[in-house]
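> Our numbering puts the first residue of the sequence shown at 1, with every later residue one more than the last. Ideal Cβ placement from N, Cα and C applies to all residues, glycine included. None of the values given here were measured: they were computed from a predicted structure. Right, I'll just put the structure down here and ask away after.
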Amino acid sequence: MIFINDLPTELLLEIFKCNTTQDLWHPHDPFQTTIWSSCVCARWRSIIMPSPCLWTETFDLSQTVNFLSLHTLPLCGNGLIDTLSLPSITKTFLGDLELQQGARQSGVLSIAETLASRSFAPPVQVNTKLTTLIPKLIKRARKLILKPPSGSWSLLDTLFSHDVSHLEELVLVKDTTEHSGRRRDCTSANLNLAIEQATSAWNLHSLHLRGCCLNFRSNLAFSNIESLVIHDVPTAMARSPCKLLNAVSHMPKLQHLELVKASLTREFYVHGDAEPFESPDELIELSNLDYFYFDGPISHCAKIFAALDIPLSCSIKLVCDDIDRTDSGSQLHRLLTQLEPRLDSDGFLGESVGIDVKTGVWCLWTIEPSLQDKRQKDKPMSFSIRFSWDKDFELLTSLQTEPIIHPLNVLQVVCNVIEGSFAKVTNLNLCIEVKPAIDPEVHRDGLIALLRPLVNLQHLGQISKQTFEFLLPYFDGTLNECYQDSSSWRDALPFLNSISFLKLDFRHRYPSRGRPRLQHILLDYVSSRFADDNQVPMSSFTLLDCNACISAHFERYGIEVTKVTGAT
């Protein structure tokens with residue numbers, strides 16, 4: 001038996017790191033490397049090593065487990081490891097025959113999964129062990145990540161009876177394996193008290209809460225916060241959006257803000273409705289914010305966004321639910337009104353964007369630049385917005401049970417708002433996969449709203465069968481017959497020279513005049529562009545898992561056809 005529990009964890013990790021490097025004499029021979037590495041611990045049958053306390057880094061032991069499972073246990077006597085001893089859980093593992101047998105067979109004992117298991121019960125000695133370890137751990141800790149087992153949040157009070165104002169990062173995570181709904185005890189009374197009684201600024205730079213909540217009634221404890229992440233606040237601790245905004249207003253250094261199901265109140269969980277709230281009298285200025293992510297009802301999104309004064313350079317991700325409610329039309333317009341100065345700024349979206357319109361979802365986002373482009377590789381995704389409907393909104397529409405905003409209505413409204421920024425877009429990935437609107441004008445108006453601002457578009461990507469059906473009035477020229485104005489919608493997209501098609505059968509017939517095949521519609525379209533001096537001729541088609549060979553049909557127009565299989 002080899003005891004290494006007296007060595008610092010940092011030194012152990014360095015030892016394991018050295019022992020798993022390549023064999024210097026056989027750098028390209030994995031067999032020789034394995035032999036050389038395993039010599040260090042081939043005789044080990046029992047390992048007792050130091051580790052953080054039970055509830056660290058999502059029980060974490062993540063660094064320790066990583067080295068044990070990847071580099072140590074597989075090398076211990078061909079996996080015949082008998083004992084793995086860690087602080088506070090020693091007796092649990094030694095007394096569990098199933099765990100011992102699993103370790104013998106695989107050589108890997110998955111500690112993290114075991115601790116997250118609903119059947120895992122922390123030993124009685126946990127509280128004693130915490131009392132012994134906490135003072136030493138807390139004094140030197142800068143980062144504390146806790147994920148207590150279900151029903152054990154009260155034990156955290158032992159931890160937070162000590163001063164934690166020096167922590168730089170605090171993460172509290174609810175155990176997602178429990179199935180008891182939103183718990184009332186996902187917080188620490190001592191920590192809340194310490195926050196409320198803070199007499200000087202804490203050193204806390206990052207606060208991440210998942211499924212739990214804290215008392216935000218302190219201007220000092222959170223005055224240095226640079227990153228605030230709140231996901232899924234429990235029912236009993238749900239704060240009104242007004243109080244949430246008030247807490248954010250006292251974080252002048254805030255750079256990263258995520259509010260995911262965090263503005264919801266107890267009334268929302270009980271009655272299912274988003275509680276109305278009044279916006280603050282003055283805008284909350286967050287001059288240092290560079291990332292904002294909100295996920296919640298569209299009514300809250302509109303009001304919270306209206307209450308924040310954030311830089312134009314701030315990256316934004318919005319996920320708006322409940323858009324099929326009766327008042328969503330006004331809320332949508334209100335939100336877009338708030339976004340208009342940002343969206344209409346020159347080139348805000350960048351040159352590449354994506355639009356997804358699917359059942360229950362409408363999404364617009366900027367496409368991250370290729371890492372090969374060194375000039376833009378550090379440019380973050382500047383904007384993403386997603387509207388969510390009831391999944392059965394099409395059924396509701398047919399039954400006419402309540403007013404429904406069709407996704408193509410949203411397409412029209414949003415495209416009209418971002419018209420100025422869309423003028424800079426050269427690459428568009430488009431996915432339209434919704435049933436046609438009952439009113440055909442909704443289809444035409446949505447299509448026109450999309451085409452009008454794309455005056456510099458060069459590439460149209462990921463065109464599937466349903467997406468092509470949406471674009472069909474443009475490709476077959478029938479859009480001109482619907483709107484007798486001075487412009488020809490067949491002349492839209494003057495710089496388009498490349499299209500990629502996804503899983504299309506070019507032999508498929510479409511409900512156009514004479515039910516032509518897809519390839520014939522495209523041939524007619526390409527021919528008209530080739531004969532028009534005001535439009536750039538098509539130069540390439542990319543076929544992603546498409547059925548049919550169309551190369552010969554387009555050769556005379558100089559179009560390069562590239563086939564790609566297994567693309568999706």
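#1: Using the Cα positions of Asp445 and Glu419, report the straight-line distance between them to the nearest angstrom.
#2: For a test of the three-state rule: what should DSSP assign to Pro341, helix, strand or coil?
#3: Decide if Leu84 is buried, meaning its Cβ has at least 16 other Cβ atoms within 10 Å, or exposed.
#4: Roughly how many angstroms separate the alpha carbons of Gln535 and Leu496, rounded to a whole number?
#5: Indicate whether Val353 and Trp365 have their beta-carbon atoms separated by less than 8 Å.
#6: Kindly indicate which residue of Leu430, Asn409, Cys212, Leu450 has the alpha-carbon position closest to the one of Ser421.
#7: Which class does Ile463 belong to by DSSP, given the choice of helix, strand or coil?
#8: Quick one: grab the DSSP three-state call for Pro297.
#9: Would you kindly report the start and end of the unbroken beta strand (DSSP E) that includes Asn427?
#10: Just how far apart, CA to CA, sit Gln197 and Val260?
#11: In this structure, does DSSP put Lys574 in helix, strand or coil?
#12: Tell me the residue span of the beta strand (DSSP E) that contains Phe383.
#13: Just tell me which of Val455, Ser527, Phe470 has its CA closest to the CA of Leu440.
#14: Relative to the C-alpha of Asn429, which candidate in Gln458, Pro436, Pro516 has its C-alpha closest?
#15: If you run the structure through DSSP and keep just helix, strand and coil, what is Asp290?
#16: Determine the closest residue to His166 out of Ala221, Phe541, Asn416, Arg517, with distance taken between C-alpha atoms.
#17: For a test of the three-state rule: what should DSSP assign to Phe501, helix, strand or coil?
#18: Rounded to whole angstroms, what's the CA-CA distance from Ile195 to Asp163? Just pull it up for me.
#19: From Val434 to Lys424, what distance separates their C-alpha atoms?
#20: With DSSP collapsed to three states, give me the class of Cys320.
#21: Any idea what DSSP makes of Leu144, helix, strand or coil?
#22: Helix or strand or just coil, what does DSSP make of Asn190?
#23: Where does Arg444 fall in DSSP's three states?
#24: Just confirm the distance between the C-beta atoms of Ser263 and His300, as a whole number of angstroms; I'd bet it's less than 8 Å.
#25: Between His333 and the rest of its own chain, which residues show a CB-CB distance below 8 Å, the 5 nearest in sequence each way excluded?
#26: With distances taken between CB atoms, is the gap from Asn203 to Asn219 smaller than 8 Å?
#27: Pull up the distance between the alpha-carbon of Phe305 and that of Gln338, whole angstroms please.
#28: So His231 is in the beta strand (DSSP E); what residue range does that whole segment cover?
#29: May I have the straight-line CA-CA distance separating Leu245 from Thr187, to the nearest angstrom?
#30: In the DSSP assignment, find the alpha helix (DSSP H) that holds Gly420 and state where it starts and stops.
#31: Nearest-angstrom Cα distance between Met538 and Ala247?
#32: Distance, Cα to Cα, Ser527 vs Thr359?
#33: Restricting to Cα atoms, I'd like to know which of Asn192, Cys213, Ser200, Glu226 is closest to Glu169.
If we stick to the structure as given:
#1: For the purposes of this step, residue 445 is taken as residue 445 along the sequence shown, with counting starting at 1. For the purposes of this step, residue 419 is taken as residue 419 along the sequence shown, with counting starting at 1. One C-alpha to the other measures close to 14 Å.
#2: Stepping through the sequence shown from its first residue, residue 341 is reached at position 341. Here Pro341 sits in helix by DSSP.
#3: Walking along the sequence shown from the start, residue 84 turns up at place 84. Reliability of the predicted coordinates at Leu84 is poor, the pLDDT of 42 falling under 50, and no value is obtained from them.
#4: Within the sequence shown, numbered from 1, the residue matching residue 535 stands at position 535. Within the sequence shown, numbered from 1, the residue matching residue 496 stands at position 496. Each residue's Cα considered, the two are about 8 Å apart.
#5: Position 353 of the sequence shown, counting from 1, holds the residue named residue 353. Position 365 of the sequence shown, counting from 1, holds the residue named residue 365. Yes. Within cutoff.
#6: Along the sequence shown, one-based indexing puts residue 421 at 421. Comparing Cα-Cα distances from Ser421 to each of Leu430, Asn409, Cys212, Leu450, the minimum goes to Leu450.
#7: Taking the first residue of the sequence shown as position 1, residue 463 is located at position 463. Strand.
#8: Walking along the sequence shown from the start, residue 297 turns up at place 297. Correct three-state label for Pro297: strand.
#9: In the sequence shown, counting from the first residue as 1, residue 427 sits at position 427. Start and end: 427-433.
#10: Here the question's residue 197 lines up with position 197 in the sequence shown. Here the question's residue 260 lines up with position 260 in the sequence shown. The straight-line gap from Cα to Cα measures roughly 28 Å.
#11: Residue 574 is absent from the structure shown; the chain starts at 1 and stops at 568.
#12: Here residue 383 refers to the residue found at position 383 when the sequence shown is read from its first residue. Phe383 -> beta strand (DSSP E) spans 383-388.
#13: Here residue 440 refers to the residue found at position 440 when the sequence shown is read from its first residue. The displayed chain sequence assigns Pro, not Leu, to residue 440. The shortest C-alpha separation from Pro440 is found at Phe470.
#14: As a working mapping, residue 429 is identified with position 429 in the sequence shown. When only C-alpha atoms are compared, the closest one is Gln458.
#15: In the sequence shown, the residue the question calls residue 290 occupies position 290. Here Asp290 sits in coil by DSSP.
#16: On the sequence shown, residue 166 is found 166 positions in, with the first residue counted as 1. It is Ala221.
#17: Against the sequence shown, residue 501 aligns to sequence position 501. Strand, per DSSP.
#18: The residue you call residue 195 lines up with position 195 of the sequence shown. The residue you call residue 163 lines up with position 163 of the sequence shown. So the two alpha carbons sit approximately 11 Å from each other.
#19: Taking the sequence shown and counting its residues from 1, one reaches residue 434 at position 434. Taking the sequence shown and counting its residues from 1, one reaches residue 424 at position 424. Their backbone Cα atoms lie some 27 Å apart in a straight line.
#20: Here the question's residue 320 lines up with position 320 in the sequence shown. Strand at Cys320.
#21: For the purposes of this step, residue 144 is identified with residue 144 of the sequence shown, where counting begins at 1. If DSSP states are grouped into helix, strand and coil, Leu144 belongs with the strands.
#22: Position 190 of the sequence shown, counted from the start, is the residue given in the question as residue 190. Helix.
#23: Taking the first residue of the sequence shown as 1, we reach residue 444 at position 444. Arg444: helix per DSSP, three-state reduction.
#24: The count along the sequence shown starts at 1 and reaches residue 263 at position 263. The count along the sequence shown starts at 1 and reaches residue 300 at position 300. That pair is a contact at about 4 Å.
#25: The sequence position of residue 333 within the sequence shown is 333, counting from 1. Same-chain partners within the cutoff: Val413.
#26: Taking the sequence shown and counting its residues from 1, one reaches residue 203 at position 203. Taking the sequence shown and counting its residues from 1, one reaches residue 219 at position 219. Cβ atoms of Asn203 and Asn219: not closer than 8 Å.
#27: Taking the first residue of the sequence shown as 1, we reach residue 305 at position 305. Taking the first residue of the sequence shown as 1, we reach residue 338 at position 338. The alpha-carbon atoms of Phe305 and Gln338 are separated by roughly 7 Å.
#28: Residue 231 sits at position 231 when you count from the first residue of the sequence shown. Start and end: 227-231.
#29: Residue numbering aside, residue 245 sits at position 245 when the sequence shown is read from its first letter. Residue numbering aside, residue 187 sits at position 187 when the sequence shown is read from its first letter. Rounded to the nearest angstrom, the two C-alpha atoms are 20 Å apart.
#30: Position 420 of the sequence shown, counted from the first residue, corresponds to residue 420. Start and end: 419-422.
#31: Position 538 of the sequence shown, counted from the first residue, corresponds to residue 538. Position 247 of the sequence shown, counted from the first residue, corresponds to residue 247. Their backbone Cα atoms lie some 55 Å apart in a straight line.
#32: For the purposes of this step, residue 527 is identified with residue 527 of the sequence shown, where counting begins at 1. For the purposes of this step, residue 359 is identified with residue 359 of the sequence shown, where counting begins at 1. When rounded, the distance between both Cα atoms is 35 Å.
#33: Along the sequence shown, read from residue 1 onward, the residue named residue 169 stands at position 169. It is Glu226 whose Cα lies nearest to the Cα of Glu169.
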